[in-house]
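In my numbering, the protein residues as written are 44 to 176. Quick reminder that beta carbons are idealized off the backbone N, C-alpha and C, glycines included.
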Ligand SMILES: [Zn+2]
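Written out as structure tokens, the structure is:
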């Protein structure tokens, strides 16, 4: 049984989680200013236009920053330490907080290229994570 916290799926984020379940990474795109948006929301944070459209993302990026969790954040994380929490600069522009999947947490470096992998944590939820390429 999966005991870690799960994302709350709402109207704005449902397409993102449904795509993740199908092992696809999608991002909102603003036709007003041409920028990509993450996290999912109703209005473009750059130009306040409505009607953001979902587009396929490359699933590629670079590590902007990261930390290695060596003490569990709670009992549910006990089996996972050490693990990497990272901010990824996606190719499309947005920054995403996620995990780096690796057997060697000490090899992770800022600036490394990463690609998305999908972790089916429950029947309903798949978490996009990244691994170094
Ligand atoms: Zn915009």
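Helix, strand or coil: which one does DSSP assign to residue i?
i, result
"residue 138", "strand"
"residue 149", "helix"
"residue 161", "strand"
"residue 85", "coil"
Mind checking which residues open and close the beta strand (DSSP E) that includes residue i?
i, result
"residue 173", "169-175"
"residue 93", "No beta strand (DSSP E) holds residue 93; DSSP gives it neither H nor E."
"residue 104", "103-112"
"residue 129", "126-133"
"residue 71", "69-72"
Do you know how far the Cα of residue j is from the Cα of residue i?
i, j, result
"residue 44", "residue 108", "30 Å"
"residue 85", "residue 75", "13 Å"
"residue 143", "residue 126", "8 Å"
"residue 97", "residue 133", "15 Å"
"residue 155", "residue 130", "12 Å"
Is it buried or exposed for residue i, if we count other Cβ within 10 angstroms and need 16 for buried?
i, result
"residue 153", "exposed"
"residue 171", "buried"
"residue 66", "exposed"
"residue 94", "exposed"
"residue 90", "exposed"
Just curious, the alpha helix (DSSP H) that residue i is in, first and last residue?
i, result
"residue 64", "57-64"
With C-beta atoms as the reference, is residue i less than 8 Å away from residue j?
i, j, result
"residue 139", "residue 59", "no"
"residue 61", "residue 101", "no"
"residue 111", "residue 148", "yes"
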